[in-house]
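Asker:
Residue numbers (my numbering), protein chains in the order written: chain A, 691 to 1035; chain B, 691 to 1035.
#1: Does the Cβ-Cβ distance between residue 777 of chain A and residue 900 of chain A come in under 8 angstroms?
#2: Tell me, please, whether the region 1022-1031 of chain B touches the region 863-874 of chain B by the rule of three or more beta-carbon pairs shorter than 8 angstroms.
#3: Under 8 angstroms between beta-carbons, which chain B residues line up against residue 934 of chain A? List them in chain order, please.
#4: Look at the Cβ atom of residue 761 of chain B, then the Cβ atom of residue 839 of chain B, and state whether they are nearer than 8 angstroms.
#5: For my contact list, residue 783 of chain A and residue 741 of chain B are in at a C-beta cut-off of 8 angstroms; report their separation, rounded to the angstrom.
#6: Which full runs of the alpha helix (DSSP H) of 4+ residues lie inside the region 700-748 of chain B, going along the chain?
#7: Does the beta-carbon of residue 779 of chain A have 16 or more other beta-carbons within 10 angstroms, so that it is buried, or is it exposed?
#8: In angstroms with no decimal places, state the Cα-to-Cα distance between residue 888 of chain B and residue 950 of chain B.
#9: Helix, strand or coil for residue 757 of chain A? Go by DSSP, reduced to three states.
#10: Whole-angstrom Cβ separation of residue 989 of chain A and residue 983 of chain A, contact assumed at under 8 angstroms?
#11: Exposed or buried, residue 1005 of chain A, counting other C-beta atoms within 10 Å across all chains shown (16 or more means buried)?
#12: Name, going along the chain, the residues of the region 787-806 of chain A whose beta-carbon falls closer than 8 angstroms to a beta-carbon of chain B.
#13: Can you say whether residue 743 of chain A is buried or exposed, counting buried as having 16 or more other CB atoms within 10 angstroms of its CB?
#14: Decide if residue 943 of chain B is buried, meaning its Cβ has at least 16 other Cβ atoms within 10 Å, or exposed.
#15: With a floor of 4 residues, list each alpha helix (DSSP H) that falls wholly inside the region 862-915 of chain A, ordered by position along the chain.
#16: Among all the DSSP beta bridges, which residues are the ones paired with residue 965 of chain B?
#17: If you compare alpha carbons, which of A:1001, A:702, A:724 is closest to residue 863 of chain A?
#18: Using only the alpha-carbon positions, how far apart do residue 691 of chain B and residue 765 of chain B sit?
#19: Which residues mark the beginning and the end of the alpha helix (DSSP H) in which residue 987 of chain B is found?
#20: Could you work out which residue in B:731, B:809, B:781 is closest to residue 769 of chain B when comparing CA atoms only?
#21: Return the chain-ordered list of same chain residues with a C-beta closer than 7 angstroms to the C-beta of residue 890 of chain A, the five sequence neighbours on each side being excluded.
#22: Just how far apart, CA to CA, sit residue 826 of chain A and residue 719 of chain B?
#23: Taking C-alpha atoms, which residue in A:821, A:756, A:882 lies nearest to residue 795 of chain A?
#24: As a quick exercise: from B:977, B:711, B:739, pick the residue whose alpha carbon is nearest that of residue 855 of chain A.
#25: Could you tell me which chain B residues have their CB closer than 7 angstroms to the CB of residue 820 of chain A, listed as they occur along the chain?
#26: With DSSP run on the structure shown, which of helix, strand or coil describes residue 816 of chain B?
#27: Identify, in the order they occur along the chain, each residue of the same chain with its Cβ nearer than 6 angstroms to the Cβ of residue 918 of chain A, setting aside the five sequence neighbours on each side.
#28: At what residues does the alpha helix (DSSP H) containing residue 998 of chain B begin and finish?
#29: Under 8 angstroms, with one C-beta from each stretch per pair, do the region 811-818 of chain A and the region 714-732 of chain A reach the 3-pair mark?
#30: State the CB to CB distance for the pair residue 974 of chain B and residue 916 of chain B, rounded to an integer number of angstroms; the pair is presumed to be in contact (CB under 8 angstroms).
#31: For the region 858-877 of chain B, enumerate the residues whose C-beta is nearer than 9 angstroms to any C-beta of chain E, in chain order.
#32: In the DSSP assignment, find the beta strand (DSSP E) that holds residue 958 of chain B and state where it starts and stops.
#33: Residues of chain B with CB closer than 8 angstroms to the CB of residue 1010 of chain A, please, in chain order.
#34: With distances taken between CB atoms, is the gap from residue 845 of chain A to residue 1035 of chain A smaller than 8 angstroms?
#35: If we define contact as Cβ-Cβ less than 8 angstroms, is residue 702 of chain B a contact residue for chain A?
#36: Check whether the Cβ atoms of residue 939 of chain B and residue 859 of chain B sit closer than 8 angstroms, and answer yes or no.
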């Protein structure tokens, strides 16, 4: 990272309570860390809120807090996650994300240079995704009342006219597509936490999916549901869709792409990749007439090159997710009760 | 509070890690606590983001995280603060707040009924302010890595056509108005923390200011700056405005309304009310021709009944806030360095 601590921050190798106090120290943090990283006109107006031009019509609005542990992991950091997570939540309604907010809750004593790295990664992720961070807030809590740095982002996207995508819109006959290998993010985090060693490092798939969604919508608007299977993984997302759409979903387990080292890590830890979090994958539920074209377009994109059709929507067993297993049987895949991987995002 | 724990939550008197896991427990918390409290169509669609109709034009976008300690205090709670704080930030651009997001970071073991009380107070505050909480997120962190409950809200407001209000727009000759007594919120928190006893309980002024702003804008659009003096108080807000507008601000200390028990508490703790946080007050910087009409209209509103003209904007000493003191002298009121009251909001 090329960040060097600017003069007014140099007296503070770690965050102090006053950096969240709304006084001179807060102002210095904003002026010398946040503004240079996120630079844009709306942010620089430094009002209590940012004023933004928007076209008439509908917008998408979403929020997510990030408490991932560790803060830096192979393939990403809490900063990348905080930007991409909200970009993706907005993209899953079919909207084009444009503006983000960023709220930091920082623990007293947190390293100033780690914060700078996180902020720089947020800025890079925002630039890559084509969104602007236009408003923010920083609070500092006493040592022992946080865990380094928590970040909330909220985001605004512009909805294309006449487009309707939502978790209650799956229809019997629809095709279920996943955009690539599953479980990468969760197992990247777990292999760091558990110090697992494999031949290769498992990297998080953390990425902004808005460009992929845009490409998909160019070939067809018969996309009924989009969902990024984060916490709870593909299993939870499909269960929620089955419940909200009042349909059954039947998937073929052998069709679900899983990287071999992710598979090994899951076996070692007794986990099922279908429940493991992803941060750069989406599930699309698409009208059967559009499925081939959408799949082909996804595969032509870097973020969808390993996309697969993994199942279909059925009027049978409404509310339930059922899988054909590798050995020719079927099993019900329930919603998980709690959490197998705490603080994954 | 009339909240009774619904059946699916009854097995959990306290929050467990799984309530933030994106599985069944998360879904139960959403279905049985958040949805009944915040009920609206956008939230109930349960998508990754909410889709909202908006008119063409400009919108205001703002975010704030709340880490106040204690979570409940005379006159409010973190829930009221989280709603009113963001409503106010949006109102300070002259926009009409309409939608909020809510992101919870909850510590494992936090009381389910306290969470329910906070959520209910958020719902009441939102209803009172006329805004909807349309999207949300819940994360749970392990015991010892939080402090009960942190809340982030972000908000969207609709900007009236052609209106321009901002901290860089103060002009020499403008009049500085404060909407009522200052320091109430900060001293309400401090008197609980320090177990101070006065004849009356000092109550937070926590309130949504959008109705007051709307009334003010009805009588004049010659309002150049609006600011809610939260962290750092009136002193920090006026210093920031002086800096951003490149003007001087001269105030008359004897004109600033302070409640007598707030004054006493400040004396006892060695604090200056001008640096103490407010959560239901605003500063308006208004063209001299409009000042009397705006002041009269403020005084006709419950939230502005004690409004006062406290000073003027000058081309002298740009960037500085100067006060005439009670004994006839003048003093510079600088930006405070750090924080005199940590975790005040």
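Heads up, the beta-carbon is just placed ideally off N, CA and C, and yes, glycines get one too.
Answerer: For this structure:
#1: Within the first chain, numbered from 1, the residue matching residue 777 of chain A stands at position 87. Within the first chain, numbered from 1, the residue matching residue 900 of chain A stands at position 210. Yes, they are a contact pair.
#2: At 8 angstroms Cβ cutoff, the stretches do not touch.
#3: By one-based count along the first chain, residue 934 of chain A stands at place 244. Within chain B, the residues near residue 934 of chain A are 736.
#4: As a position in the second chain, residue 761 of chain B is number 71, starting the count at 1. As a position in the second chain, residue 839 of chain B is number 149, starting the count at 1. Yes, Cβ-Cβ distance for residue 761 of chain B and residue 839 of chain B is below 8 angstroms.
#5: For this step, residue 783 of chain A is matched to residue 93 along the first chain. For this step, residue 741 of chain B is matched to residue 51 along the second chain. For a cut-off of 8 angstroms, the C-beta gap from residue 783 of chain A to residue 741 of chain B is around 6 angstroms, short enough to register as a contact.
#6: List check, alpha helix (DSSP H) in window: 714-719, 725-728, 731-734.
#7: Here residue 779 of chain A refers to the residue found at position 89 of the first chain. So residue 779 of chain A ends up on the buried side.
#8: Within the second chain, the letter at position 198 stands for residue 888 of chain B. Within the second chain, the letter at position 260 stands for residue 950 of chain B. Each residue's alpha carbon lies about 10 angstroms from the other.
#9: Looking up residue 757 of chain A in the first chain gives position 67. Three-state result, residue 757 of chain A: coil.
#10: Numbered from 1 along the first chain, position 299 holds the residue referred to as residue 989 of chain A. Numbered from 1 along the first chain, position 293 holds the residue referred to as residue 983 of chain A. Rounded, the Cβ-Cβ distance is 11 angstroms, inconsistent with contact.
#11: Locating residue 1005 of chain A in the first chain gives position 315, counting from the first residue. When all chains shown are included, residue 1005 of chain A counts as exposed.
#12: Close to chain B, meaning a Cβ-Cβ distance shorter than 8 angstroms, are the following residues of the region 787-806 of chain A: 789, 791, 792, 793, 794, 795.
#13: What you label residue 743 of chain A is simply residue 53 of the first chain in a count that begins at 1. Flag for residue 743 of chain A reads exposed.
#14: Numbered from its first residue, the second chain carries residue 943 of chain B at position 253. Classification of residue 943 of chain B: buried, given that the 10 Å Cβ count is 16 or more.
#15: Runs of the alpha helix (DSSP H) lying entirely within the region 862-915 of chain A, each at least 4 residues long, are 874-883, 900-909 in chain order.
#16: Within the second chain, the letter at position 275 stands for residue 965 of chain B. Note: residue 965 of chain B sits in no beta bridge, so no partner.
#17: The sequence position of residue 863 of chain A within the first chain is 173, counting from 1. That would be A:1001, whose Cα lies nearest to the Cα of residue 863 of chain A.
#18: Position 1 of the second chain holds residue 691 of chain B. Position 75 of the second chain holds residue 765 of chain B. In this predicted model, residue 691 of chain B has a pLDDT of only 48, less than 50, meaning its place in the structure is not dependable; the value taken from the coordinates is given anyway. Going from the Cα of residue 691 of chain B to the Cα of residue 765 of chain B covers about 15 angstroms.
#19: Against the second chain, residue 987 of chain B aligns to sequence position 297. Its alpha helix (DSSP H) spans residues 978-989.
#20: Counted from its first residue, the second chain places residue 769 of chain B at position 79. Per the Cα distances, B:809.
#21: On the first chain, position 200 is the one that residue 890 of chain A refers to. Hits under 7 angstroms: 951.
#22: Within the first chain, numbered from 1, the residue matching residue 826 of chain A stands at position 136. Within the second chain, numbered from 1, the residue matching residue 719 of chain B stands at position 29. If I take the Cα positions, the gap works out to 28 angstroms.
#23: On the first chain, position 105 is the one that residue 795 of chain A refers to. The shortest Cα separation from residue 795 of chain A among A:821, A:756, A:882 belongs to A:756.
#24: In the first chain, the residue the question calls residue 855 of chain A occupies position 165. Measuring from the Cα of residue 855 of chain A, the nearest candidate turns out to be B:739.
#25: One-based indexing of the first chain puts residue 820 of chain A at position 130. Chain-order list of chain B residues neighbouring residue 820 of chain A: empty, with the shortest C-beta distance near 17 angstroms, by a criterion of under 7 angstroms.
#26: Within the second chain, residue 816 of chain B is the residue found at index 126, counting from 1. The answer is helix: DSSP assigns residue 816 of chain B an H, G or I state.
#27: Translated into positions along the first chain, residue 918 of chain A becomes position 228. The answer, listed in chain order, is 778, 782, 972.
#28: In the second chain, counting from the first residue as 1, residue 998 of chain B sits at position 308. Where residue 998 of chain B is concerned, there is no enclosing alpha helix (DSSP H), although the beta strand (DSSP E) it sits in stretches over 998-1004.
#29: Under the Cβ criterion (8 angstroms, minimum of three pairs), the region 811-818 of chain A counts as touching the region 714-732 of chain A.
#30: As a first step, residue 974 of chain B is located in the second chain; it is residue number 284 there, counting from the start. As a first step, residue 916 of chain B is located in the second chain; it is residue number 226 there, counting from the start. With 8 angstroms as the limit, residue 974 of chain B and residue 916 of chain B qualify as a contact, their Cβ atoms being about 6 angstroms apart.
#31: Any reference to chain E falls outside this structure, whose protein chains are A and B.
#32: What you label residue 958 of chain B is simply residue 268 of the second chain in a count that begins at 1. Segment 950-959 is the alpha helix (DSSP H) holding residue 958 of chain B; no beta strand (DSSP E) there.
#33: For the purposes of this step, residue 1010 of chain A is identified with residue 320 of the first chain, where counting begins at 1. Result: empty, since nearest Cβ-Cβ is about 14 angstroms, beyond 8 angstroms.
#34: Along the first chain, one-based indexing puts residue 845 of chain A at 155. Along the first chain, one-based indexing puts residue 1035 of chain A at 345. Contact annotation: residue 845 of chain A and residue 1035 of chain A have beta-carbon atoms that are not nearer than 8 angstroms.
#35: As a first step, residue 702 of chain B is located in the second chain; it is residue number 12 there, counting from the start. Answer no: the Cβ-Cβ gap between residue 702 of chain B and chain A never drops below 8 angstroms.
#36: Within the second chain, residue 939 of chain B is the residue found at index 249, counting from 1. Within the second chain, residue 859 of chain B is the residue found at index 169, counting from 1. Cβ distance not < 8 angstroms, so residue 939 of chain B and residue 859 of chain B don't count as in contact.
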